[in-house]
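*Asks:* Supplied in structure tokens, the structure appears directly below.
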Amino acid sequence: MLEYLTRQALDGDYDFLFELKKAAEYDAVKAVFGWDENIQREIHADEWEEARPNIIEVDGNRVGSFLLLDKGDHFYFCRFFLMPKLQGKGLGSRVLNDCLRQADDERKPVRLCYLQGHHVGKLYHKFGFSRCSEDAQFVYMERT
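To get my numbering, take the position in the sequence shown, counting from 1, and add 393.
Pasting the structure below:
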């Protein structure tokens with residue numbers, strides 16, 4: 394079982410986080426929107442200004458990210474990316490479970506969305522998320 398640590402993203406993580414998103418989501422983004430490097434960099438900059446995610450580290454190496462935003466009456470789980478070589482090995486399940494434990498301790502639901510056709514939906518279903526709605530680009534889910 395992979396042991397992991399998390400920490401708040403620092404200025405030096407900015408480029409890593411963009412490359413992480415690209416490695417983890419390039420195919421899904423391309424399928425739904427088409428990958429435009431400039432637009433993706435603008436989105437990345439906007440998200441960075443909104444809130445810095447947590448970095449997931451294994452053996453001192455950055456391997457992923459996530460953000461659990463407290464929205465008052467619920468949490469919003471987003472920017473959940475793992476390097477492709479670590480996907481499907483249980484690390485994502487452990488990270489998600491730890492986030493859900495925090496939400497459960499505070500008795501708050503968790504909301505999220507993911508790109509249509511992305512395999513991460515299976516993980517969210519496994520952890521009790523239900524589909525609330527969807528559009529041509531995204532699936533919206535909640536776990537109460």
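From the three backbone atoms N, C-alpha and C, an ideal C-beta is built for every residue, glycine too.
Would you please state the rounded distance, in angstroms, between the beta carbons of Asn447 and Arg400? I believe it to be under 8 Å.
*Replies:* With 8 Å as the limit, Asn447 and Arg400 qualify as a contact, their Cβ atoms being about 7 Å apart.
*Asks:* So does the stretch 422-430 actually touch the stretch 505-516, counting three or more Cβ pairs closer than 8 Å?
*Replies:* Judged by Cβ distances under 8 Å, the stretch 422-430 makes contact with the stretch 505-516, as three or more pairs qualify.
*Asks:* Are Glu418 and Phe474 closer than 8 Å when you measure CB to CB?
*Replies:* Yes, Cβ-Cβ distance for Glu418 and Phe474 is below 8 Å.
*Asks:* Under a three-way DSSP split, which group does Gln509 fall into?
*Replies:* Correct three-state label for Gln509: coil.
*Asks:* Could you please give me the residues that DSSP links to Phe474 through a beta bridge?
*Replies:* Paired residue(s): Ser458.
*Asks:* Can you confirm whether the stretch 426-444 touches the stretch 476-484 when touching is taken to mean that 3 or more C-beta pairs between the two stretches lie within less than 8 Å?
*Replies:* As far as the Cβ criterion goes, the stretch 476-484 does not touch the stretch 426-444, which means the pair count is below three.
*Asks:* Could you give the uninterrupted runs of the beta strand (DSSP E) lying entirely in the stretch 412-471, keeping only those of 3 residues or more?
*Replies:* The qualifying runs are 447-451, 454-463.
*Asks:* Would Ile449 and Val488 qualify as a contact pair, given that the criterion is a beta-carbon distance under 8 Å?
*Replies:* It is a contact, given that the beta carbons lie within the stated cut-off.
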